[in-house]
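Chemist: Have a look at this one before I ask anything.
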Amino acid sequence: MSTKLYYICSRINIETMEQDNLPLGMVVGQMMKEMIDVLKKRDAEQAEVPLTIEQHAVLHILNKRESDVILKEMADAMGKDKSTILRIIDVLEEKELVRRAVDTKDRRKKYLMVTKKGEQVIEDFVKIDTELREELKEGLSKEDMKTFYKVVSHIKTKAEQM
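My numbering puts the first residue of the sequence shown at 4, with every later residue one more than the last.
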């Protein structure tokens, strides 16, 4: 989405528009933009090692993996190309949040390991994210949230089937 269109979308007041005429993608995009902006701001203010959202995503994927992470799969999952993911990994390594290790049996294989410092950054970010989610849900019941997730899941599933 172009910057100008994104700016226009972010200025639309969804509460005053006729809801049947609201483009779903625009509403979701506006919500995501606002949430990500607040998350980035809080991370920059509170985190010992502020990272971009993409850097956090790569760090989390590496930390949660149960088997080898294949670069192409990570790139596809994030909607990025492999070279972008490699640059992110290089930055994480420079910040000492991940380290590369060579397989002792096959020197061509390299593994990425999250360092203790990286684990602390993840823990700090999860805390910031959890606090933000709780604040955003204030005033909404559990039933409201259940309905929200049901609607989002339905729309996502329908879009995937198209």
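Even for Gly, the Cβ is constructed at its ideal location relative to N, Cα and C.
Tell me L115's beta-bridge partners as DSSP assigns them.
Modeler: Taking the first residue of the sequence shown as position 1, residue 115 is located at position 112. DSSP output for L115 lists R103 as bridge partner(s).
Chemist: Would you mind giving the Cβ-Cβ distance between V124 and L54, rounded to the nearest angstrom? I have them listed as a contact below 8 Å.
Modeler: Position 121 of the sequence shown, counted from the start, is the residue given in the question as residue 124. Position 51 of the sequence shown, counted from the start, is the residue given in the question as residue 54. Between L54 and V124 the Cβ distance is about 7 Å, and since that is below 8 Å, they are a contact.
Chemist: Please name the residue in V72, I131 and E138 whose C-alpha comes closest to that of E48.
Modeler: Position 45 of the sequence shown, counted from the start, is the residue given in the question as residue 48. The residue with the shortest Cα to Cα distance from E48 is I131.
Chemist: Could you check where the alpha helix (DSSP H) with S156 kicks off and where it finishes?
Modeler: By one-based count along the sequence shown, residue 156 stands at place 153. K145 to Q164 is the span of the alpha helix (DSSP H), which, as asked, contains S156.
Chemist: Run through DSSP, which three-state label would V72 get?
Modeler: Along the sequence shown, read from residue 1 onward, the residue named residue 72 stands at position 69. Here V72 sits in coil by DSSP.
Chemist: Which one of A80, L115 and G142 has the shortest CA to CA distance from V94?
Modeler: Locating residue 94 in the sequence shown gives position 91, counting from the first residue. Comparing Cα-Cα distances from V94 to each of A80, L115 and G142, the minimum goes to L115.
Chemist: Skipping 5 residues on each side, what residues in its chain have a beta carbon closer than 6 Å to that of L127?
Modeler: Along the sequence shown, one-based indexing puts residue 127 at 124. Inspection of the sequence shows that residue 127 is occupied by Asp rather than by Leu. Once the five neighbours on either side are set aside, the close Cβ partners of D127 are A50.
Chemist: Residues in the same chain with beta-carbon distance under 7 Å from K108, minus the five sequence neighbours each way, listed in chain order, please.
Modeler: Translated into the one-based positions of the sequence shown, residue 108 becomes position 105. So the list is empty, once near-sequence residues are dropped.
Chemist: Counting C-beta neighbours from all protein chains within 10 Å, is the total for K145 16 or more, i.e. buried, or is it exposed?
Modeler: Looking up residue 145 in the sequence shown gives position 142. When all chains shown are included, K145 counts as exposed.
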